[in-house]
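*Asks:* Numbering (the working numbering), first residue to last: 212 to 615.
Glycine is no exception: its CB is placed at the ideal position from the N, C-alpha and C atoms.
Please read these numbers as outputs of a predicted model, since none were measured by experiment.
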Amino acid sequence: MYPFWDPVIAPLIAVSGAQRVVEVGALRGETTIRMLDDLGPQSELHVIDPVPAFDPGEHEQKFPGRYIFHRDLSLNVLGDLGAFDVALLDGDHNWYTVYNEMRLLAAGARAADRPMPLTILHDIGWPYGRRDLYYEPDNIPADMRQEFDYKGMRPGQSELLRRGGMNHTLANALTEGGPRNGVRTGMDDFIAEHDRPLRTVIIPIYFGLGIVVEEATLDEHPELRAALDRLESPEGTAELLELSENIRLGGVVFQQNVERMRFARIERAVNRHLDVLRSITGASDAEVTAADEAVAFVAARPELVGDIVYAGSTDGLRYLAASLEAHELDNRNVWAIGDDLAAAAADIGERVFAVDFGATTLPEAPIATLAVASDELMGKVETALRERLEADAVVLDKQRRSVR
Ligand SMILES: C[S@@+](CC[C@H](N)C(=O)[O-])C[C@H]1O[C@@H](n2cnc3c(N)ncnc32)[C@H](O)[C@@H]1O
């Protein structure tokens, strides 16, 4: 919800003259802290969350008397807190919770002879607009709960996916749509039953934001009506489009950073694995260097079809094969060229096969690169494979020059 704070929520709260505000579902307190900074000294903020991911004590100390935290479920406390001017609903994303939160908020206002609060709900779009999520399924009465499973979702498919998908670790309703399913359905059902005229504004970006307010409040605060009109105007829509694109770009950068860190972690694990291999195979330094260069060469060119030619000891061959496997490149064939490599090649696996220096028949695949550890062996390889090396010379030239 917090990306909506500056462009949408804060301006609406400012023109509504709000004094008493309630936030349901605070998580890391990102919206909470913005609210505390922006709301005036006369305001009172109630925050409800059974498992906040921050220390509410810090906020209580910083804003004494203005900040009241309730470590509980919204439906356990909302009925006792009286009337609010503004409510932000972003807690448990299911029909039962949202429908009853709105009913309790309306009842609290009615008891004080006030209009229901300006209510701003997050997650009225996909995935939880028309599908329940249960943070803790046992908190919802069984007869008010959809059947659910801990499986993921994708847009356009009602059934949960067998594997993967969005939020696959959470308790999601088995199917999307139908009665009493989802945050938007809870909001719609409340609106259909409410006995006073309401205005509803839907912002269909970033999981969807719904704004519900009584016409009586808009009569009292014409600037709030004007702010909602602006949100729905072509200029307001263009601004929201820009916000949506900025949120998307932020998500792309975040995702790419996560991937970069994950790849770096994998790379470190592979290198540790190869260090161990180096020490136990007994491959010489020159063989290790030649193998590492060959592996790096093919890893950087996934589009280049071709095999690797190896010449050296059986230990060096084992190291090369293990390194290809560690880098998930073991779909490359290795030609182990030499007079004494046949047994090792057969032992290592079906993608490693032996070729002798006097070979007359050679595999058909082109050669992508060489892993040859000495000039003497390189000379023998070049003599044995002359025609093939000439045919593949463009790719091999750089590699051959790097052999010491
Ligand atoms: C989506 S996060 C809220 C994000 C937050 N509003 C923001 O803008 O950053 C949902 C939060 O709701 C809390 N929650 C779950 N069930 C709740 C309930 N019944 N009442 C209040 N909070 C609940 C969870 O602990 C979680 O911290």
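Could you check the C-alpha separation between residue 325 and residue 463 for me, to the nearest Å?
*Replies:* Along the sequence shown, one-based indexing puts residue 325 at 114. Along the sequence shown, one-based indexing puts residue 463 at 252. Cα-Cα distance, rounded: 44 Å.
*Asks:* Where does residue 274 sit, in a helix, a strand or coil, going by DSSP?
*Replies:* Numbered from 1 along the sequence shown, position 63 holds the residue referred to as residue 274. Here residue 274 sits in coil by DSSP.
*Asks:* Cutting at 6 Å between CB atoms, please list the residues of its own chain near residue 388, excluding the five before and the five after it.
*Replies:* Numbered from 1 along the sequence shown, position 177 holds the residue referred to as residue 388. Correct list, in chain order: 341.
*Asks:* At 4 residues or longer, what runs of the alpha helix (DSSP H) sit wholly inside the segment 228-307?
*Replies:* DSSP runs (the alpha helix (DSSP H)) wholly in the segment 228-307: 241-249, 267-273, 285-288.
*Asks:* As a quick exercise: from 590, 549, 528, 588, pick the residue whose alpha carbon is nearest that of residue 562.
*Replies:* Residue numbering aside, residue 562 sits at position 351 when the sequence shown is read from its first letter. When only C-alpha atoms are compared, the closest one is 528.
*Asks:* Roughly how many whole angstroms lie between the Cα atoms of residue 384 and residue 243?
*Replies:* In the sequence shown, counting from the first residue as 1, residue 384 sits at position 173. In the sequence shown, counting from the first residue as 1, residue 243 sits at position 32. The alpha-carbon atoms of residue 384 and residue 243 are separated by roughly 29 Å.
*Asks:* Within a Cβ cutoff of 6 Å, which residues of the same chain sit near residue 358, ignoring the five residues on either side of it in sequence?
*Replies:* Locating residue 358 in the sequence shown gives position 147, where the first residue counts as 1. Excluding residues within five positions, the ones whose Cβ falls inside 6 Å are 385.
*Asks:* May I have the straight-line CA-CA distance separating residue 479 from residue 496, to the nearest angstrom?
*Replies:* Counted from its first residue, the sequence shown places residue 479 at position 268. Counted from its first residue, the sequence shown places residue 496 at position 285. Distance between the alpha carbons of residue 479 and residue 496: 20 Å.
*Asks:* Between the Cα of residue 301 and those of 292, 266, 258, 501, spot the shortest distance and give me the residue it belongs to.
*Replies:* As a first step, residue 301 is located in the sequence shown; it is residue number 90 there, counting from the start. Residue 301 has its Cα closest to that of 258, out of 292, 266, 258, 501.
*Asks:* Let me confirm a value: residue 343 is counted as buried when at least 16 other C-beta atoms fall within 10 Å, else exposed. Which label applies?
*Replies:* Taking the sequence shown and counting its residues from 1, the one referred to as residue 343 is at position 132. Buried: at least 16 other Cβ atoms inside 10 Å.
*Asks:* Evaluate the contact criterion for the segment 329-339 versus the segment 388-401: three or more CB pairs, one atom per stretch, below 8 Å.
*Replies:* Yes: the two stretches touch, three or more of their Cβ pairs being nearer than 8 Å.
*Asks:* Beta-carbon separation of residue 232 and residue 309 under 9 Å?
*Replies:* Counting from one through the sequence shown, the residue named residue 232 turns up at place 21. Counting from one through the sequence shown, the residue named residue 309 turns up at place 98. The answer is no: Cβ separation not under 9 Å.
*Asks:* At what residues does the beta strand (DSSP E) containing residue 412 begin and finish?
*Replies:* Here residue 412 is taken as the residue at index 201 of the sequence shown, counted from 1. Unbroken beta strand (DSSP E) run through residue 412: 409-414.
*Asks:* Helix, strand or coil: which one does DSSP assign to residue 379?
*Replies:* Stepping through the sequence shown from its first residue, residue 379 is reached at position 168. Coil, per DSSP.
*Asks:* Can you give me the start and stop residues for the alpha helix (DSSP H) that residue 425 sits inside?
*Replies:* Numbered from its first residue, the sequence shown carries residue 425 at position 214. Premise fails: residue 425 lies in the beta strand (DSSP E), 420-425, not in any alpha helix (DSSP H).
*Asks:* For residue 216, I'd like the list of residues in its chain whose CB is within less than 7 Å of its CB, leaving aside the five on either flank, ordered along the chain.
*Replies:* Mapped onto the sequence shown, residue 216 falls at position 5. Result list for residue 216: 242, 245, in chain order.
*Asks:* What's the C-alpha gap between residue 193 and residue 493?
*Replies:* The chain is shown only over 212 to 615; residue 193 falls outside these bounds and no answer can be derived.
*Asks:* In the segment 429-501, which residue ranges form an unbroken alpha helix (DSSP H) of at least 4 residues, counting only runs that do not cross its ends?
*Replies:* You should have 433-443, 445-492.
*Asks:* Can you check the segment 515-602 for any beta strand (DSSP E) of at least 3 residues that lies completely inside it and give the ranges in chain order?
*Replies:* With a minimum length of 3 residues, the continuous beta strand (DSSP E) runs that stay inside the segment 515-602 are 518-522, 545-548, 563-566, 578-583.
*Asks:* Would the C-beta of residue 259 count as close to ligand 1, meaning under 8 Å from any of its heavy atoms?
*Replies:* Here the question's residue 259 lines up with position 48 in the sequence shown. Yes, ligand 1 has a heavy atom inside 8 Å of this Cβ.
*Asks:* What distance in whole Å lies between the Cβ atoms of residue 521 and residue 559, which are believed to be in contact at a cut-off of 8 Å?
*Replies:* Mapped onto the sequence shown, residue 559 falls at position 348. Mapped onto the sequence shown, residue 521 falls at position 310. Contact flag wrong, Cβ pair sits at about 11 Å.
*Asks:* Tell me the start and end of each unbroken beta strand (DSSP E) in the segment 301-351 that is at least 3 residues and wholly inside, in chain order.
*Replies:* If we require 3 residues or more, the beta strand (DSSP E) runs fully inside the segment 301-351 come out as 329-333.
*Asks:* Taking DSSP as the reference, what is the three-state secondary structure of residue 511?
*Replies:* Here residue 511 refers to the residue found at position 300 of the sequence shown. Correct three-state label for residue 511: coil.
*Asks:* Measure the C-alpha to C-alpha separation of residue 502 and residue 469 and round it to an integer number of angstroms.
*Replies:* As a position in the sequence shown, residue 502 is number 291, starting the count at 1. As a position in the sequence shown, residue 469 is number 258, starting the count at 1. Their backbone Cα atoms lie some 30 Å apart in a straight line.
*Asks:* With burial defined as no fewer than 16 other Cβ atoms inside 10 Å of the residue's Cβ, what is the status of residue 542: buried or exposed?
*Replies:* Residue mapping note: residue 542 aligns to position 331 of the sequence shown, counting from 1. With fewer than 16 Cβ atoms within 10 Å of its Cβ, residue 542 is classed as exposed.
*Asks:* With DSSP as the reference, label residue 406 as helix, strand or coil.
*Replies:* The residue you call residue 406 lines up with position 195 of the sequence shown. Correct three-state label for residue 406: coil.
*Asks:* Please determine whether the Cβ atom of residue 263 lies at a distance below 8 Å from any heavy atom of ligand 1.
*Replies:* Taking the sequence shown and counting its residues from 1, one reaches residue 263 at position 52. It does: the Cβ of residue 263 is within 8 Å (strictly closer) of some heavy atom of ligand 1.
*Asks:* When we look at the beta-carbon of residue 305 and count the other beta-carbons within 10 Å, is it buried (16 or more) or exposed?
*Replies:* Taking the sequence shown and counting its residues from 1, one reaches residue 305 at position 94. Buried is the call here.
*Asks:* Is it the case that the CB of residue 350 approaches a heavy atom of ligand 1 more closely than 8 Å?
*Replies:* As a first step, residue 350 is located in the sequence shown; it is residue number 139 there, counting from the start. True, at least one ligand heavy atom lies under 8 Å from that Cβ.
*Asks:* Classify residue 319: buried if its beta carbon has 16 or more other beta carbons within 10 angstroms, exposed otherwise.
*Replies:* For the purposes of this step, residue 319 is taken as the residue at position 108 of the sequence shown. It counts as buried.
*Asks:* Residue 556 to residue 564, Cα distance in whole Å?
*Replies:* Counting from 1 along the sequence shown, the entry for residue 556 is found at position 345. Counting from 1 along the sequence shown, the entry for residue 564 is found at position 353. Rounded to the nearest angstrom, the two C-alpha atoms are 5 Å apart.
*Asks:* Using only the alpha-carbon positions, how far apart do residue 404 and residue 410 sit?
*Replies:* Counting from one through the sequence shown, the residue named residue 404 turns up at place 193. Counting from one through the sequence shown, the residue named residue 410 turns up at place 199. Approximately 14 Å between the Cα atoms of the pair.
*Asks:* Does residue 364 come out as helix, strand or coil in the three-state DSSP assignment?
*Replies:* Walking along the sequence shown from the start, residue 364 turns up at place 153. Correct three-state label for residue 364: strand.
*Asks:* How many Å lie between residue 530 and residue 376 at the Cα?
*Replies:* Position 319 of the sequence shown, counted from the first residue, corresponds to residue 530. Position 165 of the sequence shown, counted from the first residue, corresponds to residue 376. Cα to Cα, the separation comes out at about 38 Å.
*Asks:* Answer yes or no: the CB of residue 234 versus the heavy atoms of ligand 1, is any distance below 8 Å?
*Replies:* Here residue 234 is taken as the residue at index 23 of the sequence shown, counted from 1. Result yes, Cβ under 8 Å from ligand 1.
*Asks:* Using beta-carbon positions only, say whether residue 523 and residue 580 come within less than 9 Å of one another.
*Replies:* Looking up residue 523 in the sequence shown gives position 312. Looking up residue 580 in the sequence shown gives position 369. Cβ atoms of residue 523 and residue 580: not closer than 9 Å.
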